[in-house]
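S.K.: Sequences listed follow chains W and B, in order. Throughout the first sequence, residue numbering follows our numbering, covering 7 to 217 in sequence. Throughout the second sequence, residue numbering follows our numbering, covering 7 to 217 in sequence.
Protein chains: 2
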Amino acid sequence: MTQAAVIARSEAQESGKAAKILDAARRVFMADGYGAASMDAIAKAAGVSKATVYAHFAGKDQLFAAIIAERCRAHSAIPELEDVERATPEEALLALGRSFASLVLAPEVLDLYRIVVAETPRFPELGRTLYETGPKRGIARLADYLQRLTDRGLLDVREPDIAARQFFGMIRSDLYLRRLFHISDAEVGITVEQMVASSVAMFLRAYARRA
Amino acid sequence: MTQAAVIARSEAQESGKAAKILDAARRVFMADGYGAASMDAIAKAAGVSKATVYAHFAGKDQLFAAIIAERCRAHSAIPELEDVERATPEEALLALGRSFASLVLAPEVLDLYRIVVAETPRFPELGRTLYETGPKRGIARLADYLQRLTDRGLLDVREPDIAARQFFGMIRSDLYLRRLFHISDAEVGITVEQMVASSVAMFLRAYARRA
DNA sequence: GTCTATAATTGGATAGAC
DNA sequence: GTCTATCCAATTATAGAC
Numbered sequence: 007m008t009q010a011a012v013i014a015r016s017e018a019q020e021s022g023k024a025a026k027i028l029d030a031a032r033r034v035f036m037a038d039g040y041g042a043a044s045m046d047a048i049a050k051a052a053g054v055s056k057a058t059v060y061a062h063f064a065g066k067d068q069l070f071a072a073i074i075a076e077r078c079r080a081h082s083a084i085p086e087l088e089d090v091e092r093a094t095p096e097e098a099l100l101a102l103g104r105s106f107a108s109l110v111l112a113p114e115v116l117d118l119y120r121i122v123v124a125e126t127p128r129f130p131e132l133g134r135t136l137y138e139t140g141p142k143r144g145i146a147r148l149a150d151y152l153q154r155l156t157d158r159g160l161l162d163v164r165e166p167d168i169a170a171r172q173f174f175g176m177i178r179s180d181l182y183l184r185r186l187f188h189i190s191d192a193e194v195g196i197t198v199e200q201m202v203a204s205s206v207a208m209f210l211r212a213y214a215r216r217a
Numbered sequence: 007m008t009q010a011a012v013i014a015r016s017e018a019q020e021s022g023k024a025a026k027i028l029d030a031a032r033r034v035f036m037a038d039g040y041g042a043a044s045m046d047a048i049a050k051a052a053g054v055s056k057a058t059v060y061a062h063f064a065g066k067d068q069l070f071a072a073i074i075a076e077r078c079r080a081h082s083a084i085p086e087l088e089d090v091e092r093a094t095p096e097e098a099l100l101a102l103g104r105s106f107a108s109l110v111l112a113p114e115v116l117d118l119y120r121i122v123v124a125e126t127p128r129f130p131e132l133g134r135t136l137y138e139t140g141p142k143r144g145i146a147r148l149a150d151y152l153q154r155l156t157d158r159g160l161l162d163v164r165e166p167d168i169a170a171r172q173f174f175g176m177i178r179s180d181l182y183l184r185r186l187f188h189i190s191d192a193e194v195g196i197t198v199e200q201m202v203a204s205s206v207a208m209f210l211r212a213y214a215r216r217a
């Protein structure tokens with residue numbers, strides 16, 4: 007079995023050594039990042055010797071890259087916008103805004119983001135992987151939805167691609183920075199829900215049909 | 007002289023060994039980050055021995071923290087909004103949006119951001135420093151300006167603090183991510199200027215005075 | 001203060017037995 | 001495949017001479 011195949015089913019209850027190593031590597035890399043994580047720590051966490059780790063995986067670099075790519079895929083679920091065709095734009099955008107905020111502010115996603123940003127110089131392709139499994143797909147899907155709303159005459163969005171980026175950018179705002187740096191929301195006095203609600207309302211005013 | 011005092015005037019043409027070490031440390035840390043930078047490399051770049059580095063600075067941690075805090079201050083210049091009182095809101099926001107984009111997308115600022123994000127677990131206070139010298143002050147200043155525009159009856163911004171966050175969030179959008187990951191603008195087909203112009207127009211529509 | 005030389009430790013990777 | 005033991009390189013930090 008190839009390494010990729012092993013990784014692909016790493017979520018299963020496979021209890022072979024390879025799976026144990028992958029599980030351990032995921033935990034250690036996510037907790038410590040690439041530099042601070044050691045192959046000793048991974049071997050210990052997996053309950054095997056270091057030599058066994060090297061029998062299954064070529065080296066630290068490849069093991070890391072495999073884990074990170076898998077994590078990007080694991081968090082790439084896009085909130086469905088399919089049966090929202092029946093909902094009003096306001097309902098749909100509120101739901102989308104909330105799911106988006108929950109996703110990008112989740113601690114595991116912030117950890118992943120932090121690690122990929124940190125290791126961009128050493129692993130340039132991981133940044134691209136994260137961008138393409140995450141933001142790129144989300145933007146494309148929202149742009150599509152905005153185009154449909156425009157076609158139906160419910161909104162007036164002339165540059166759906168730009169508008170989608172604006173929508174996500176507003177909701178993320180500086181929230182992700184504060185979470186990344188562990189600056190509490192209380193200190194700022196704005197909640198996530200406030201930011202989402204206010205941004206959806208503002209977005210709808212800006213892109214309402216014009217007379 | 008204290009370390010802080012030395013650092014405070016590190017931009018001057020002070021050519022003592024302490025200043026040479028600080029200059030070298032800045033270059034090496036900015037290029038390699040904390041983990042990959044070595045005290046050997048810093049000593050070599052400064053043209054002194056490693057023992058001399060340790061004679062002036064307590065250790066790698068403190069030298070790093072000092073350099074990063076200094077870099078945050080160095081990049082904390084806020085575009086003036088003072089004599090824009092005479093400009094139209096559109097002119098003022100366009101100018102602000104452009105300066106903001108130039109600032110946060112500058113390679114040195116992206117490097118600083120990447121390094122602070124990477125080292126947040128080890129140096130939690132640096133994230134706070136970056137947030138407070140950067141986004142926090144920019145948001146406060148824009149919120150102030152939006153409040154004044156509302157007072158003068160030129161706009162209708164009821165939550166200036168939230169609106170300021172929306173403005174910066176829209177302009178940054180996913181641009182900073184793409185720059186961070188070296189994904190070319192050409193690949194996406196949207197320029198910075200387009201993003202700024204479209205966002206300012208959209209912002210003004212959303213916060214125009216209502217009838 | 002400054003240098004050379006050297007601890008002391010860590011961590012990636014492997015040899016060789018089983 | 002798996003383990004123990006080890007190699008080798010890199011790195012932080014310091015001792016001791018000048």
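Even for Gly, the Cβ is constructed at its ideal location relative to N, Cα and C.
Which ranges does the beta strand (DSSP E) cover as unbroken runs of at least 3 residues, wholly within the region 53-135 of chain W, from first to last along the chain?
M.R.: The beta strand (DSSP E) runs of length 3 or more contained entirely in the region 53-135 of chain W do not exist; there are none.
S.K.: Using alpha carbons as the reference points, say which of W:A112, W:G41, W:T139 lies closest to A124 of chain B.
M.R.: W:G41
S.K.: For the putative contact between R92 of chain W and D180 of chain B, defined by C-beta atoms under 8 Å, what is the C-beta separation to the nearest angstrom?
M.R.: Wrong, their Cβ atoms sit about 29 Å apart, outside the cutoff.
S.K.: Which residues, taken in chain order from the region 38-55 of chain B, show a beta carbon closer than 9 Å to some beta carbon of chain W?
M.R.: D38, G39, Y40, G41, A42
S.K.: To which residues of the same chain is T8 of chain W closer than 8 Å at the C-beta, ignoring the five residues directly before and after it?
M.R.: Bear in mind that a pLDDT of 49 at T8 of chain W, under 50, signals an unreliable position, so the number given afterwards is only what the model happens to contain. Correct list: empty, nothing qualifies.
S.K.: Taking A214 of chain W as the reference, which of W:E193, W:V194, W:L186, W:D162 has the closest Cα?
M.R.: Of all alpha-carbon atoms in W:E193, W:V194, W:L186, W:D162, the one lying nearest the alpha-carbon of A214 of chain W is that of W:D162.
S.K.: Using a 10 Å radius around the Cβ and a threshold of 16 neighbouring Cβ atoms, would you call S16 of chain B buried or exposed?
M.R.: Note on S16 of chain B: pLDDT 46, under 50, position unreliable in the model; no value is reported.
S.K.: Are there three or more Cβ pairs, one per stretch, closer than 8 Å when the region 181-191 of chain W is compared with the region 92-112 of chain W?
M.R.: yes
S.K.: For T197 of chain B, report the span of its alpha helix (DSSP H) as first-last.
M.R.: Taken as a continuous stretch (DSSP letters only), T197 of chain B belongs to no alpha helix (DSSP H), as it is neither H nor E.
S.K.: Pairing CB atoms from the region 194-202 of chain B with CB atoms from the region 135-146 of chain B, are three or more of them under 8 Å?
M.R.: no
S.K.: How close, in whole Å, do the beta carbons of I24 of chain B and H62 of chain B come, if the pair is a contact with beta carbons under 8 Å?
M.R.: It should be noted that the sequence gives Ala, not Ile, for residue 24 of chain B. With a beta-carbon spacing of about 5 Å, A24 of chain B and H62 of chain B fall inside the 8 Å limit used to define contacts.
S.K.: Three-state secondary structure (DSSP) at V206 of chain W?
M.R.: helix
S.K.: Tell me which residues of the region 171-182 of chain B have at least one Cβ-Cβ distance to chain W shorter than 9 Å, keeping chain order.
M.R.: R171, Q172, F173, F174, G175, M176, I177, R178, S179, D180, L181
S.K.: Taking the beta carbon of R164 of chain B as the centre, do at least 16 other beta carbons fall within 10 Å, making it buried, or is it exposed?
M.R.: exposed
S.K.: Please report the distance separating the alpha-carbon of G39 of chain W from that of G140 of chain W.
M.R.: 20 Å
S.K.: Return no unless some Cβ of chain B is closer than 7 Å to the Cβ of F187 of chain W.
M.R.: By this cut-off, F187 of chain W is an interface position.
S.K.: With 16 other CB atoms within 10 Å as the buried threshold, where does A18 of chain B fall?
M.R.: Here A18 of chain B scores only 40 on pLDDT, less than 50, and its place in the model should not be relied on; the value that follows carries that caveat. A18 of chain B should be labelled exposed.
S.K.: Give the residues from the region 68-90 of chain B that approach chain W closer than 7 Å (Cβ to any Cβ), ordered along the chain.
M.R.: none
S.K.: Check whether the Cβ of V34 of chain B sits closer than 6 Å to any heavy atom of the ligand MG, and report yes or no.
M.R.: No copy of the ligand MG appears in this structure; indeed no ligand is present at all.
S.K.: Does chain W have any CB closer than 7 Å to the CB of T197 of chain B?
M.R.: no
S.K.: Among W:R32, W:I84, W:P95, whose alpha-carbon lies nearest the alpha-carbon of L69 of chain W?
M.R.: W:R32
S.K.: Would you report the Cα separation of A37 of chain W and D117 of chain W, rounded to the nearest angstrom?
M.R.: 8 Å
S.K.: What are the start and end residues of the alpha helix (DSSP H) that includes R158 of chain B?
M.R.: Going by DSSP, R158 of chain B is part of no alpha helix (DSSP H) at all; its letter is neither H nor E.
S.K.: Look up D29 of chain B in the DSSP assignment and say whether it is helix, strand or coil.
M.R.: helix
S.K.: With a CB to CB cut of under 6 Å and the five nearest residues on each side skipped, what residues in its chain are close to A14 of chain B?
M.R.: For A14 of chain B, the predicted model reports a pLDDT of 49, less than 50, meaning its position is unreliable; a value from the coordinates is still stated below. For A14 of chain B, where only same-chain residues beyond five positions count, there are no Cβ hits under 6 Å.
S.K.: If contacts are defined as beta-carbon pairs under 8 Å, then F209 of chain W and L99 of chain W qualify, I think. What distance do you get, rounded to the angstrom?
M.R.: 7 Å
S.K.: Based on Cα-Cα distance, which residue from W:E97, W:F106, W:V59 lies nearest to S82 of chain W?
M.R.: Looking at W:E97, W:F106, W:V59, the one whose alpha-carbon comes closest to that of S82 of chain W is W:F106.
S.K.: Return yes when the Cβ of A49 of chain B is within less than 7 Å of the Cβ of V34 of chain B, no when it is not.
M.R.: No, they are not a contact pair.
S.K.: Thinking C-beta only, is V206 of chain B closer than 7 Å to G65 of chain B?
M.R.: no
S.K.: Using the beta-carbon of each residue, which ones in chain W are nearer than 7 Å to E165 of chain B?
M.R.: What E165 of chain B touches in chain W: S204.
S.K.: Using a Cβ-Cβ cutoff of less than 8 Å, which residues in the same chain neighbour S55 of chain B once the five nearest sequence positions on both sides are dropped?
M.R.: A49
S.K.: Please state whether DSSP places A51 of chain B in a helix, a strand or coil.
M.R.: helix
S.K.: Mind checking which residues open and close the alpha helix (DSSP H) that includes G175 of chain B?
M.R.: 166-178
S.K.: Distance check for T156 of chain B and A1 of chain W, CA to CA, integer angstroms please.
M.R.: Because residue 1 of chain W is not part of the residues shown, which for chain W are 7 to 217, the question remains open.
S.K.: When we look at the beta-carbon of A52 of chain W and count the other beta-carbons within 10 Å, is it buried (16 or more) or exposed?
M.R.: buried
S.K.: Compare the C-alpha of A101 of chain W against each of W:A72, W:I177, W:S44, W:I121 and name the closest.
M.R.: W:I177
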